[in-house]
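Chemist: In this text, residue positions in the sequence shown follow numbering that gives the first Met the number 0: the first is 0, and each later residue adds one. First, the structure itself, so that you have it in front of you.
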Amino acid sequence: MTDNYDDIINLPHHVSKTHPQMTMYQRAAQFAPFAALVGHDAMIAETARLTDDEVEMEDEAVGELNRKMSYLNVRLQDHPVVAITYFIHDKSKAGGEYKSNVGTVRKIDEYESTLTMSDGSVIPFSSILDIDSEVFNDMEFF
């Protein structure tokens, strides 16, 4: 089969007189992938992003959380440091994610059923999974 190309196999590479030779970077750009569908990569990334399901708390855990909230409301003027674990619903998919916020509680609004942290974040009571603080180690709490 190589006999068919014997007449051209040893010819020198053609160099254009009118067009300058491309750099390696320019030649590589010709073979770079391109996105024919705008937003397709973002949609794939969004689909691959995982969300958690919200845990439904048992009555006993809700009762303990309510006791902690009541005690925290009494001790609010002491500005205790608390760690609150809460659920944030995802805006575009079913489910969401659990976050933790460590800081002091600025306000407990029983009418709006929200807790406001010192950093300004507002957490609905219904989203709170757990509250932890050294203030709960007091004997008065139990």
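Where a beta carbon is used, it is the ideal one built from N, C-alpha and C, also for glycine. Keep in mind it's a predicted model, so treat the numbers as computed, not measured.
Evaluate Leu226 with the Cβ neighbour count: other Cβ atoms within 10 Å of its Cβ, from every protein chain shown; 16 or more gives buried, anything less gives exposed.
Modeler: Since the first residue of the chain shown is 0 and the last is 141, residue 226 is not available in this structure.
Chemist: Could you tell me if Phe86 is buried or exposed, where buried requires 16 or more neighbouring beta carbons within 10 angstroms of its beta carbon?
Modeler: buried
Chemist: From the DSSP output, read off the bridge partner residues of Tyr97.
Modeler: Among the bridge pairs identified by DSSP, Tyr97 is matched with Phe86.
Chemist: Less than 8 Å separating the beta-carbons of Thr46 and Glu96?
Modeler: Taking 8 Å as the cut-off, the Cβ atoms of Thr46 and Glu96 do not count as close.
Chemist: Could you tell me the alpha carbon to alpha carbon distance between Ser112 and Val121, rounded to whole angstroms?
Modeler: 10 Å
Chemist: Excluding five sequence neighbours on each side, which residues of the same chain lie with their C-beta closer than 8 Å to the C-beta of Asp108?
Modeler: Closer than 8 Å at the Cβ level, and outside the excluded window around Asp108, lie Leu114, Thr115.
Chemist: For Asp77 and Val134, I'd like the C-alpha separation in whole angstroms.
Modeler: Cα to Cα, Asp77 sits roughly 10 Å from Val134.
Chemist: Kindly list the residues whose CB is nearer than 8 Å to the CB of Val81, restricted to its own chain and excluding five residues on each side of it in sequence; keep chain order.
Modeler: Here the set comprises Leu71, Val101, Gly102, Thr103, Val104, Ile130, Asp131, Ser132, Val134.
Chemist: From the DSSP output, which residues share a beta bridge with Val121?
Modeler: Thr115
Chemist: Just confirm the distance between the C-beta atoms of Leu128 and Val54, as a whole number of angstroms; I'd bet it's less than 8 Å.
Modeler: 6 Å
Chemist: Considering only C-alpha positions, which residue in the set Phe124, Gln25, Val14 is nearest to Arg66?
Modeler: Phe124
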